[in-house]
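Quick notes on the structure that follows.
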Amino acid sequence: MTDYRPEDQASLPPIGFIAVQCFFYRPAGDAFNENTWAFPVIRELAEGSREDQLVTKVAYDDAFIDNFVAAGKKLAERGAVGILTSCGFLAMAQPLLAERLPIPVATSSLIQIPSILAWLPPSKKIGIITYNARELVSLHFERLGISKEHATRCHIAGAPDGGSLRLLVTGKGPYSFDDIEKEMVAAAKELMDEHPDIGAFVLECTQMPPFGESVQRVTGLPTYDVYTMGTWFYSGLVRRRPRGWGDFESQRTGPLVERNIM
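Counting from 0, one number per residue, gives the positions in the sequence shown under numbering that gives the first Met the number 0.
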């Protein structure tokens, strides 16, 4: 995460966030919560975006995409420099939104998969923990430009039917960090037991970042989610000198050296 200097913090342009019609408690760490991010966030609601419309293996219809385009254009008009969304399954819409929106858009944590695979040895694979394993299919990967070869290097596990996360998102149960954490840890352990070749994890759902630390603690593996994706996305959209780099004027020139001592 970029450690912005105080003089830059107040002038940072906002990221735009397309919200969906799923209303429930979203703590810090959830992509919707402005306290999750080190930069300003503005939001617009996409109509026609219920859970059952978002989480699907079937391609979205034109009216659905039009609603997200409308929300995205409003965000651009309000000064957003880029757009995030609030469901990893919107990977299905990535090229359609990118084509029609005037600013960059990043729809899903799954966008990170090609880079993560490049970092891993060829023998290693990615474990994906998703909101609904039955509905996450090859078309989601294709729409992100992920090759079939790369897609085969991914193992998938989902939140349990009737579990706390699914009940929360569908408006049928309250938020419980402890209960959802147990589901996430169980899914990670299940994937590790079944697929010892896993070398990293990606958490698909935008509600999952608060549990990334727990997944990493029990697996000992790199763990990525919409938070890591959004932070990287914004850091390229808006470049500012990090506070840790210190004063620029004192580093404008330097001496000739023969070797840097490590």
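Each residue gets a CB set at the ideal place from its N, CA and C atoms; glycine is no exception.
On a predicted model such as this, the values are computed, not experimentally measured, just so you know.
Check	Outcome
Considering only the alpha carbon of each residue, which of D192, A97, Q111 lies closest to Y223?	Q111
List the endpoints of the continuous beta strand (DSSP E) containing G80.	Residue 80 is actually Val in this sequence, not Gly. Unbroken run through V80: none, as it is neither H nor E.
Just to confirm, are F247 and L220 a CB contact at a threshold of 9 angstroms?	no
Under the three-state reduction of DSSP, which class applies to R142: helix, strand or coil?	helix
Residue ranges of each alpha helix (DSSP H) run of no fewer than 4 residues wholly in the segment 196-235, ordered along the chain?	211-218
Within 10 Å of its beta-carbon, does L255 have 16 or more other beta-carbons around it, so buried, or fewer, so exposed?	exposed
Tell me where the beta strand (DSSP E) around H154 begins and ends.	153-157
Cα-Cα, which of H154, K181, F88, R133 is closest to Y59?	F88
Considering just the uninterrupted stretch of the alpha helix (DSSP H) at V168, what are its terminal residues?	163-168
Mind checking who G15 pairs with in its DSSP beta bridge?	I41, I82
Of the choices A156, P113, I179, whose alpha-carbon is the least far from that of H149?	P113
My assumption, with CB atoms under 8 angstroms, is that V263 sits in contact with V237. Please give the rounded CB distance.	With the chain covering only 0 through 261, there is no way to say anything about residue 263.
Per DSSP, which one or two residues make a beta bridge with D246?	None, per the DSSP bridge assignment.
Among the residues of its own chain, which have a CB less than 8 angstroms from the CB of H154, if the five just before and after it don't count?	K124, I125, G126, I127, L190, E193, H194, I197
Which partner residues of Y3 appear in the DSSP bridge assignment?	P241
What is the DSSP secondary structure of I102, counted as helix, strand or coil?	coil
Whole angstroms are fine: how far does the CA of V68 sit from the CA of A45?	8 angstroms
Pull up the DSSP beta-bridge partners for K290, would you.	Because the chain in this structure spans residues 0 to 261, residue 290 falls outside the shown range and cannot be described.
By how many angstroms is the C-alpha of C204 removed from the C-alpha of I17?	15 angstroms
Just list the residues that DSSP pairs T35 with in beta bridges.	Answer is none; T35 lacks a bridge partner.
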